[in-house]
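I have placed the structure first, in the form of structure tokens, so that the comments after it can refer back to it.
Numbering (our numbering), first residue to last: -10 to 261.
Okay, structure coming up:
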């Protein structure tokens, strides 16, 4: 299947809300570099997320905590430079939105100015409501991130599913309603029960994007390396691989090595 994006208008936050209202699902993938972003944008993806998962996928860190604002600006700018149609959202990394509204706003302004992104994504709920309000009131579009929040790994000590018990589920619902009230244009729900994600999606008027949250959300997101099968060691229940790029890249690299060793590359047609 091919999706032609010629003459299609730039995706906006308003368009995402209209997609929710019409029942059209929203597609989102991560990207961290120019070439990947260019390919998935041309393929017709609705939203490109420059996630702080770059800490893992691009830098080799064990958690998302090791990536800085400078790093995220670098990755964000690269993706924005490649993207013509998709909405580009960049993650605010750990420590940049943490209970000091003016400091958080300064970081958010810098992110928007230096990347050219369309919006930012922020992990957290009630505890950062003043920060989120300050940022949104300044005219910066915010997608909230609730449920499993990888930046809080040291607080919880596990990446286990969130919202399974009644108290946690109610807290999650309350946080979603709060983020909608504050003016967030959407909410990413990570690793929560499918029934809860569906209930939240039906309760709020802004779009929900799920990862490990079932099919009842208004859209889905995957990390590009996971979706393309580049990381065989990562195999959670929610992941569907759409290619085995690890095998393709390995075979191509081995073929190249063999050609070089056998003096088959370059040949006469590949030489000046």
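A virtual CB, placed ideally from N, CA and C, is assigned to each residue, including glycine.
ask   = Among the residues of its own chain, which have a CB less than 7 Å from the CB of residue 73, if the five just before and after it don't count?
value = 30
request  = Can you tell me which of the three DSSP states residue 56 falls into?
outcome  = coil
query = Nearest-angstrom Cα distance between residue 236 and residue 186?
reply = Rounded to whole angstroms, residue 236 and residue 186 show a C-alpha spacing of 34 Å.
task = Measure the alpha-carbon distance for residue 82 versus residue 216 and round it to whole angstroms.
result = 23 Å
For residue 212, three-class secondary structure by DSSP = coil
ask   = Can residue 77 and residue 107 be called in contact, C-beta distance under 8 Å?
value = yes
key: Neighbour-count burial assignment, residue -1, 16 or more Cβ in a 10 Å radius   = exposed
inquiry  = Which of the three DSSP states is assigned to residue 185 in this structure?
reply    = helix
ask   = Within this structure, are the beta carbons of residue 104 and residue 131 separated by less than 8 Å?
value = no
ask   = How close, in whole Å, do the beta carbons of residue 181 and residue 150 come, if the pair is a contact with beta carbons under 8 Å?
value = 7 Å
inquiry  = Once DSSP output is grouped into helix, strand and coil, what is the label at residue 219?
reply    = coil
Beta-ladder partner(s) of residue 79, from DSSP = 39, 109
ask   = Do you know offhand how far residue 261's Cα is from residue 255's?
value = 10 Å
task = Could you give the DSSP three-state label for residue 49: helix, strand or coil?
result = coil
ask   = Between the Cα of residue 222 and the Cα atoms of 125, 97, 46, which residue gives the shortest distance?
value = 46
query = Helix, strand or coil: how does DSSP classify residue 249 here?
reply = helix
key: When 38, 120, 52, 115 are compared against residue 93, the one with the closest alpha-carbon   = 120
Completely contained alpha helix (DSSP H) runs for the segment 131 to 163, where each covers 4 or more residues = 142 to 145
inquiry  = Can you give me the C-alpha to C-alpha distance between residue 25 and residue 153, rounded to a whole angstrom?
reply    = Our two residues, residue 25 and residue 153, have alpha carbons roughly 36 Å apart in a direct line.
ask   = When we look at the beta-carbon of residue 51 and count the other beta-carbons within 10 Å, is it buried (16 or more) or exposed?
value = In summary, residue 51 is exposed, with fewer than 16 beta-carbon neighbours lying within 10 Å of its beta-carbon over all protein chains present.
ask   = Any C-beta of chain C sitting closer than 8 Å to the C-beta of residue 158?
value = Looking at the structure shown, chain C is missing, and only one protein chain is on hand.
query = To the nearest angstrom, how far is it from the Cα of residue 111 to the Cα of residue 67?
reply = Computed Cα separation, rounded: 20 Å.
key: 8 Å Cβ shell around residue 34 - same chain, five flanking residues per side excluded   = 16, 17, 18, 75
inquiry  = Rounding to the nearest angstrom, what Cα-Cα distance links residue 198 and residue 39 in this structure?
reply    = Between the C-alpha atoms of residue 198 and residue 39 there is a straight-line separation of about 15 Å.
key: First through last residue of the alpha helix (DSSP H) which encompasses residue 98   = 90 to 104
request  = Pull up the CB-CB distance for residue 168 and residue 133, whole angstroms please, since I reckon it's below 8 Å.
outcome  = About 4 Å; that satisfies the 8 Å criterion.
query = Around the Cβ of residue 37, are there at least 16 other Cβ atoms within 10 angstroms (buried) or fewer (exposed)?
reply = buried
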